Amino acid sequence: MQRMVTALLTLTLASGLSTGCTKQRVGAEKAIASVLISDEQENQLGLQVKKELETKENIKYVEDPEVLAYVRGISQPILAQANKDRSGVKWKVNVINDPKTVNAFATPGGFLYVYTGLLLAADTEAELAGVMAHEAGHVVGRHSARAMVNAYGLQAITQVALGQNPGTAAQIAAQLAGGGLQLAHGRGEETEADEYGAKYAAASGFDPNGLITFFQKLQKEQGSTPGVLKWLSTHPTNEDRIAHLRKIIAQEGLKGDRNTAGGLTAIQAKLPKQ
Ligand code: ZN
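Sequential numbering from 77 applies to the sequence shown in the numbering used here.
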């Protein structure tokens with residue numbers, strides 16, 4: 077343990093001395109967060125937030141077993157890939173019944189939430205896979221835990237994990253359900269999650285360009301349906317973002333065959349639209 081702490085401190089110092097090297101900086105941030113919050117604390121934190129989402133934010137889940145099996149089936153290979161980068165995460169995929177909201181988010185502990193509005197907005201399985209893989213990337217990078225520690229402080233977050241700070245847990249849940257602007261990730265973390273997302277989607281057989289076409293579609297729809305595109309508000313999309321994704325896909329030779337609607341169409345037909 078002592079050796080690990082020393083190594084982490086060295087890493088932090090080294091990164092401080094070499095500003096401008098994004099890779100090292102991201103690595104150091106990751107190391108710091110891993111010292112701040114243990115995997116078990118992350119899991120407990122995720123559980124407390126889930127409880128608040130259900131009681132205070134009145135989140136309703138889809139219970140149709142066919143829909144759940146489909147979304148979990150799309151996610152399963154992606155999450156298996158993600159576990160190669162961060163083992164020990166026990167993923168929990170939840171589908172929120174809210175057809176008017178295009179959103180998805182992840183909380184510490186591997187809790188992934190996707191709204192039916194996003195399932196309805198996706199045109200291909202590759203688009204849905206891209207979003208799930210991107211959100212999984214935030215958990216792998218420990219971005220969600222870090223965002224919460226940064227926003228509320230380590231002490232409050234540790235208390236939430238212990239079930240001893242319902243006020244903060246409620247605030248976190250409200251932010252997540254409301255679009256989570258304050259918990260939005262920085263640009264570096266978004267880039268990292270995009271990279272993980274493209275990698276996991278392709279390794280699971282999905283066309284990694286799905287994330288790109290989904291971003292582009294939300295961008296286009298932004299003017300006509302403001303307010304409901306919550307995922308776009310926490311995932312500002314511009315030419316740089318798209319160009320970086322294209323570059324990573326080309327550089328790493330990422331590809332996948334699944335790029336059609338496939339089974340998604342039948343699932344969309346089953347979802348409540350109101
Ligand atoms: Zn993101």
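Glycine residues also receive a C-beta, built at the ideal position from the N, C-alpha and C atoms. Model, not experiment: these values are computed from the prediction.
Reduced DSSP secondary structure (H/G/I, E/B, other) of residue i
i: R334; result: strand
i: I324; result: helix
i: K136; result: coil
i: A180; result: strand
i: L188; result: strand
i: K42; result: Here the chain comprises residues numbered 77 to 350, so residue 42 is not present and cannot be evaluated.
i: N170; result: strand
i: R101; result: Its pLDDT being 48, under 50, R101 is placed unreliably by the model, and the measurement read from it follows with that caveat. Helix, per DSSP.
i: R162; result: coil
i: S151; result: helix
i: A145; result: helix
i: I113; result: coil
i: Q78; result: Residue placement at Q78 is flagged as unreliable, the pLDDT there being 43, under the threshold of 50; the coordinate-derived value follows with that caveat. In this structure, Q78 counts as helix in the three-state DSSP scheme.
i: D316; result: helix
i: H311; result: coil
i: T289; result: helix
i: R222; result: helix
i: Q344; result: helix
i: Q157; result: helix
i: G213; result: helix
i: Q350; result: coil
i: Q120; result: helix
i: Q298; result: coil
i: A205; result: helix
i: L195; result: helix
Residue nearest to residue i in terms of C-alpha spacing, selected from the options
i: I288; options: V207, V138, L123; result: V207
i: K166; options: I150, K176, T310, T183; result: T183
i: F290; options: T313, E271, G281; result: T313
i: E116; options: G185, Q344, E201, A277; result: G185
i: N134; options: G229, Q157, A246, A227; result: A246
i: S220; options: G338, L321, V125, T177; result: V125
i: K168; options: K176, Q152, P175; result: Q152
i: D283; options: V215, T336, G243; result: T336
i: H311; options: I343, Q327, A260, A342; result: A260
i: N285; options: K349, Q231, A326, A253; result: A326
i: R148; options: K349, Q350, A345, L340; result: L340
i: L144; options: Q350, Q344, K349; result: Q344
i: E203; options: S114, Q350, I150, E139; result: I150
i: W307; options: D140, R162, Y191, V138; result: Y191
i: R317; options: R162, Q350, K349, D270; result: D270
Test item: CB-CB of residue i and residue j under 8 Å
i: I154; j: A205; result: yes
i: G213; j: E268; result: yes
i: L330; j: A249; result: no
i: L112; j: V236; result: no
i: A173; j: K136; result: In the sequence as presented, Ala is not what sits at residue 173; that position holds Asn. Yes, these two residues count as a Cβ contact at 8 Å.
i: E265; j: G217; result: yes
i: R322; j: G281; result: no
i: L347; j: L129; result: no
i: L294; j: V215; result: no
i: L305; j: E315; result: no
i: G164; j: P175; result: no
i: A319; j: Q157; result: no
i: Y272; j: A342; result: no
i: L188; j: E211; result: yes
i: F181; j: L252; result: yes
i: A227; j: N241; result: no
i: A277; j: G243; result: no
i: E201; j: G338; result: yes
message = Just to be sure I understand the criterion: a residue counts if its Cβ is closer than 6 Å to at least one heavy atom of the ligand ZN. Which residues meet that?
response = Per the Cβ criterion, the list is H210, H214, H261, E266, A269, H311.
message = Suppose only complete runs of 4+ residues qualify. What are the alpha helix (DSSP H) ranges in the region 227-282, listed by chain order?
response = The alpha helix (DSSP H) runs of length 4 or more contained entirely in the region 227-282 are, from start to end of the chain, 230-237, 242-253, 263-279.
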